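Visitor: Right, I'll just put the structure down here and ask away after.
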Amino acid sequence: YAKDISKKRKIVNKMKGNAGIPLSQPLYGYIKNPDDLQFWVIDPEAADVVRRIFSMCMEGRGPKQIANQLKADKVLTPSAYRALQGIKTPNKKPEDPCDWHSSTVVAILERREYTGCTVNFKTYTNSIWDKKQRDNPLEKQAIFPNTHEVIIEEAVFEKVQQVRQQRHRNTRTGRSSIFSGLVYCADCGEKLY
C-alpha cells in the first residue's frame, strides 16, 4: 500500500512539475499568491534586498563582501525574515538574525527563479534508501519562463553569472591584478592570481 501511494505521489509531482507549477516553497523575495496558492507574488521588502544583492554583485563585490555589508546594515537573513513573517522553515532560528553568510548570498545569486521563471526538477535522489540529493543537469530540468513577477531582469541575471565566473582575487594592497581570472597554469589548468 505504501509503495503504491509513493508511486502515485511521484506521478502527481511529475505532472505538476511538467505543467509549470512550482514544486518548492516560494524563494526569499516571493510569497504565495493569496488568490492562487500554487503561484508566487513579490514580497516588496525582501525583493528590495534581493535587488540590492544583485546590484552589489554588478558593482564587483564578492559574496563575502556583500554578506558583510548586509550584516553591517542589520538586514534580516532569509530565515529570520521568514520567522518574523510567521512562515515555518526547516532551519533553526539563528542566534543573530542579521548574520549573513556568503553561501546564502551565492544561493540567491544563482537562482534563476528571480527572472520570473519556474525551475522544477533541479535535484533528484536515487532511491528512498539513498536520500542524498544530487543536482540534475540543466537539460533535465523543466524551466518555464514568465510564470511569476520578475525581480531581476534576465540581462542582469546573465551579467551577474558572467561576473561570478570571472572572480578576481585582491592582492595585499587591496587591488586586483589586470591578469586576475585570465591567466591559467599550463600544467594543472588552475587560475593564477
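Note that our numbering gives residue 167 to position 154 of the sequence shown, counting from 1, and the numbers run on in steps of one.
No residue lacks a Cβ here, since even glycine has one placed at the ideal position from N, Cα and C.
Fair warning: this is a prediction, and the values are worked out from it, not measured in the lab.
Does the beta carbon of K21 sit closer than 8 Å to a beta carbon anywhere in chain B?
Guide: No chain B appears in this structure, which consists of one protein chain only.
Visitor: Please classify I121: does DSSP put it in a helix, a strand, or coil?
Guide: I121: helix per DSSP, three-state reduction.
Visitor: Compute the Euclidean distance between the alpha carbons of R188 and L205, then round it to the nearest angstrom.
Guide: Whole-angstrom Cα-Cα distance: 15 Å.
Visitor: For R124, which residues from the same chain have a beta carbon less than 7 Å from its beta carbon, with the 5 sequence-adjacent residues on both sides left out?
Guide: Excluding sequence neighbours, R124 sits near L40.
Visitor: Count the other C-beta atoms from every protein chain shown that fall within 10 angstroms of the C-beta of F192, then say buried if there are 16 or more, exposed otherwise.
Guide: Looking at its Cβ environment, which holds fewer than 16 other Cβ atoms inside 10 Å, F192 is exposed.
Visitor: Should the stretch 71-87 be called in touch with the stretch 141-153, which here means at least 3 C-beta pairs below 8 Å?
Guide: No, the stretch 71-87 does not touch the stretch 141-153.
Visitor: Going by CA-CA distance only, name the one from V25, K135, F170 and G99 that's closest to I156.
Guide: Ranking V25, K135, F170 and G99 by Cα distance to I156 puts K135 first.
Visitor: Over what stretch of residues does the beta strand (DSSP E) that includes I44 continue unbroken?
Guide: Note, I44: beta strand (DSSP E), Y43 to K45.
Visitor: Would you mind giving the Cβ-Cβ distance between L36 and N133, rounded to the nearest angstrom? I have them listed as a contact below 8 Å.
Guide: Between N133 and L36 the Cβ distance is about 5 Å, and since that is below 8 Å, they are a contact.
Visitor: Could you tell me which uninterrupted beta strand (DSSP E) segments, each at least 3 residues in length, are contained entirely in the stretch 44-107, listed from first to last along the chain?
Guide: Those beta strand (DSSP E) runs which fall completely within the stretch 44-107 and span 3+ residues are 53-55.
Visitor: Contact check, W113 vs A80 under 8 Å by CB: the rounded distance?
Guide: W113 to A80, Cβ: 4 Å. Contact.
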